[in-house]
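K.L.:
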Amino acid sequence: MPTADTPSPALTAAERAEHAVDLATRAGCGLGLQPDEPRVLYNVFNVLVHLAPHPVVVRVPSLAAGPLAEQAAKQRRELAVAGWLADRGAPVVGPSPLVPREPVEIDGRSLTFWEFVDETDPLSAVTDPAALQERFVEQTGWVAELHALLAEHPGDDLPVLSPVVPAVGRTLDELAEHPHPLLTPGELDRARKEYAVLETLVQDLPARFPGARLQTLHGDSPAYNLLRTATGHLFSDFEDATRGPVEWDLTLVGPQGIEEYERASGTRVDRALLDVMESARFLQIVGALAFASLKPDLAPMLEPAIDQWRARTPLSLENLG
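Anchor point for the sequence shown: position 80 equals 80 in UniProt numbering, and the numbering is continuous, going up by one each time.
The following block contains the structure:
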């Protein structure tokens, strides 16, 4: 979805990284930093640039939907939630203390600045499937700790399930304007009907699920967004910080992960609500096809999950809880 704050579809991954380094370096210099050795740490959905020798990482959005002002507002929510946690000593990657906790706009892009963390044992380095599953289950258990901390966050200014409404609606609108061959017209129609159901749910979620625990959430599968360091684990990437049921943060972690979360939290996960949240998560993945023109390898990455969405019973008001 090309917008004012996304790179040209013509950019290769290397060009995207080079452009991000340039933006991050100039933005850092504007804040008084002197990054002599900037280097790219990550280049997939965002580009993360370490402004070495400073312990500062700049997140440069690669795929973003909506006007620049909306992106900046979302980033302010992220900085506020992550900063609130960091100030309380929570295990999170916090905003950089070397610069103000504000997004920095440069050349029509909005950047955020974070602490540099030396990850010592990345999940991506684990190749044995059994070991990978064991570690991921353990990390899902740690989400219970994060949720307990976030339950104390006021969250009054956070929208409910904002990664779904209106975000998914915007991407589906883009797919209606610019169809992707991986999605048939009938499948797009199904997706838009499911989104309408989720709009209804978000308007009054407690009415459908009276037992739902609404609170501040990480918003984007925290069990996946976790770094292991020499001194412990840190949750990162609160880009989709929102308010909602804890089940939204537990989508796609699998039965063992859910059992571990229940053990660690001492609370029961609502399986019916989890199933609805997983439908919403799959719909989010379907909508991500709107960004395929910006990232040619994105559609093959999404296709297995889209196949899972196709196999699910379509979401409707009748089967909503």
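Glycine residues also receive a C-beta, built at the ideal position from the N, C-alpha and C atoms.
Could you tell me the alpha carbon to alpha carbon distance between residue 22 and residue 252, rounded to whole angstroms?
P.N.:
In the sequence shown, counting from the first residue as 1, residue 22 sits at position 22. In the sequence shown, counting from the first residue as 1, residue 252 sits at position 252. Using only the alpha carbons, I get a separation of about 36 angstroms.
K.L.:
Classify residue 34 as buried or exposed, calling it buried when 16 or more other Cβ atoms lie within 10 Å of its own Cβ.
P.N.:
Stepping through the sequence shown from its first residue, residue 34 is reached at position 34. By the 10 Å Cβ count, residue 34 comes out exposed.
K.L.:
In the structure shown, what three-state DSSP assignment does residue 261 receive?
P.N.:
Here the question's residue 261 lines up with position 261 in the sequence shown. Helix, per DSSP.
K.L.:
Kindly list the residues whose CB is nearer than 6 angstroms to the CB of residue 162, restricted to its own chain and excluding five residues on each side of it in sequence; keep chain order.
P.N.:
The count along the sequence shown starts at 1 and reaches residue 162 at position 162. Hits under 6 angstroms: 242.
K.L.:
Please list, in chain order, all residues of the same chain as residue 257 whose beta carbon is under 6 angstroms from its beta carbon, the five residues on each side excluded.
P.N.:
Numbered from its first residue, the sequence shown carries residue 257 at position 257. Hits under 6 angstroms: 137 and 140.
K.L.:
Just verifying my parser: in three-state terms, what is the DSSP assignment at residue 276?
P.N.:
As a working mapping, residue 276 is identified with position 276 in the sequence shown. Correct three-state label for residue 276: helix.
K.L.:
At which residue ranges does the stretch 184-270 contain complete alpha helix (DSSP H) runs of 4 or more residues, listed in the order of the chain?
P.N.:
As far as the stretch 184-270 is concerned, its whole alpha helix (DSSP H) runs of at least 4 residues are 185-203, 205-208, 246-249 and 254-265.
K.L.:
Rounded to the nearest angstrom, what separates residue 282 and residue 110 at their Cα positions?
P.N.:
The residue labelled residue 282 in the question sits at position 282 within the sequence shown. The residue labelled residue 110 in the question sits at position 110 within the sequence shown. Taking the straight line from one Cα to the other gives about 27 angstroms.
K.L.:
In the DSSP output, what is residue 110 paired with across the bridge?
P.N.:
Locating residue 110 in the sequence shown gives position 110, where the first residue counts as 1. DSSP output for residue 110 lists 105 as bridge partner(s).
K.L.:
Does the stretch 184-202 touch the stretch 219-226, meaning 3 or more C-beta pairs lie closer than 8 angstroms?
P.N.:
Cβ pair count under 8 angstroms is below three, so no.
K.L.:
Between residue 180 and residue 289, which are expected to be in contact by the criterion C-beta below 8 angstroms, what is the C-beta distance as a whole number of angstroms?
P.N.:
What you label residue 180 is simply residue 180 of the sequence shown in a count that begins at 1. What you label residue 289 is simply residue 289 of the sequence shown in a count that begins at 1. About 4 angstroms separates the two Cβ atoms, so the contact holds.
K.L.:
Nearest CA to the CA of residue 115: which residue from 105, 124, 97 and 122?
P.N.:
Stepping through the sequence shown from its first residue, residue 115 is reached at position 115. Of 105, 124, 97 and 122, the residue nearest in Cα terms is 97.
K.L.:
Let's see if you can read the secondary structure: which residues bound the beta strand (DSSP E) around residue 38?
P.N.:
Here residue 38 refers to the residue found at position 38 of the sequence shown. Where residue 38 is concerned, the enclosing beta strand (DSSP E) stretches over 37-43.
K.L.:
Relative to the C-alpha of residue 50, which residue among 63, 71, 30 and 20 is closest?
P.N.:
Taking the first residue of the sequence shown as position 1, residue 50 is located at position 50. Taking only the C-alpha atoms, the option nearest residue 50 is 20.
K.L.:
Please work out which residues of its chain come closer than 6 angstroms, Cβ to Cβ, to residue 25, disregarding the five sequence neighbours upstream and downstream, and give them in chain order.
P.N.:
Position 25 of the sequence shown, counting from 1, holds the residue named residue 25. Closer than 6 angstroms at Cβ, skipping near neighbours: 35 and 38.
K.L.:
Under the three-state reduction of DSSP, which class applies to residue 18: helix, strand or coil?
P.N.:
Looking up residue 18 in the sequence shown gives position 18. Helix, per DSSP.
K.L.:
If you reduce the DSSP assignment to three classes, tell me which class residue 129 lands in.
P.N.:
Here residue 129 corresponds to residue number 129 of the sequence shown, with the count starting at 1. Helix at residue 129.
K.L.:
Do the CB positions of residue 113 and residue 92 come within less than 7 angstroms of each other?
P.N.:
The sequence position of residue 113 within the sequence shown is 113, counting from 1. The sequence position of residue 92 within the sequence shown is 92, counting from 1. Their beta carbons are not under 7 angstroms apart, which means residue 113 does not touch residue 92 by this criterion.
K.L.:
Is the beta carbon of residue 264 less than 7 angstroms from the beta carbon of residue 144?
P.N.:
As a working note, residue 264 is residue 264 in the sequence shown. As a working note, residue 144 is residue 144 in the sequence shown. The answer is yes: Cβ separation under 7 angstroms.
K.L.:
Looking at C-alpha atoms only, which residue of 62, 228 and 211 is the closest neighbour of residue 119?
P.N.:
Translated into the one-based positions of the sequence shown, residue 119 becomes position 119. The candidate whose alpha carbon is nearest that of residue 119 is 228.
K.L.:
Under the three-state reduction of DSSP, which class applies to residue 147: helix, strand or coil?
P.N.:
Translated into positions along the sequence shown, residue 147 becomes position 147. Residue 147 falls in the helix class under three-state DSSP.
K.L.:
How is residue 119 classed by DSSP in three states: helix, strand or coil?
P.N.:
Here residue 119 is taken as the residue at index 119 of the sequence shown, counted from 1. Of the three classes helix, strand and coil, the one that applies to residue 119 here is coil, per DSSP.
K.L.:
From the DSSP output, which residues share a beta bridge with residue 50?
P.N.:
Position 50 of the sequence shown holds residue 50. The partner list for residue 50 (beta bridge, DSSP) reads 39 and 57.
K.L.:
Have a look at 172, 205 and 246 and flag the residue whose alpha-carbon is nearest the alpha-carbon of residue 317.
P.N.:
Walking along the sequence shown from the start, residue 317 turns up at place 317. Of the listed residues, the one whose Cα sits closest to residue 317 is 205.
K.L.:
Can you look up residue 160 in the DSSP assignment and give me helix, strand or coil?
P.N.:
As a first step, residue 160 must be located in the sequence shown, where it is residue number 160. It is a strand residue.
K.L.:
Going by beta carbon distance, what residues of the same chain come within less than 8 angstroms of residue 199, once the five residues before and after it are set aside?
P.N.:
Against the sequence shown, residue 199 aligns to sequence position 199. Around residue 199: 165 and 169.
K.L.:
Could you tell me whether the Cβ atoms of residue 57 and residue 48 are closer together than 7 angstroms?
P.N.:
Counting from one through the sequence shown, the residue named residue 57 turns up at place 57. Counting from one through the sequence shown, the residue named residue 48 turns up at place 48. Yes, the Cβ-Cβ distance between residue 57 and residue 48 is below 7 angstroms.
K.L.:
Less than 8 angstroms between C-beta atoms, sequence neighbours within five positions excluded: which residues of the same chain meet that for residue 102?
P.N.:
In the sequence shown, residue 102 corresponds to position 102, counting from 1. The answer, listed in chain order, is 76 and 79.
K.L.:
Would you call the stretch 270-277 and the stretch 301-311 touching, i.e. three or more CB-CB distances under 8 angstroms?
P.N.:
Because the criterion of three Cβ pairs below 8 angstroms is not met, the stretch 270-277 and the stretch 301-311 do not touch.
K.L.:
Is it buried or exposed for residue 42, if we count other Cβ within 10 angstroms and need 16 for buried?
P.N.:
Here residue 42 corresponds to residue number 42 of the sequence shown, with the count starting at 1. Exposed, since its Cβ has fewer than 16 Cβ neighbours within 10 Å.
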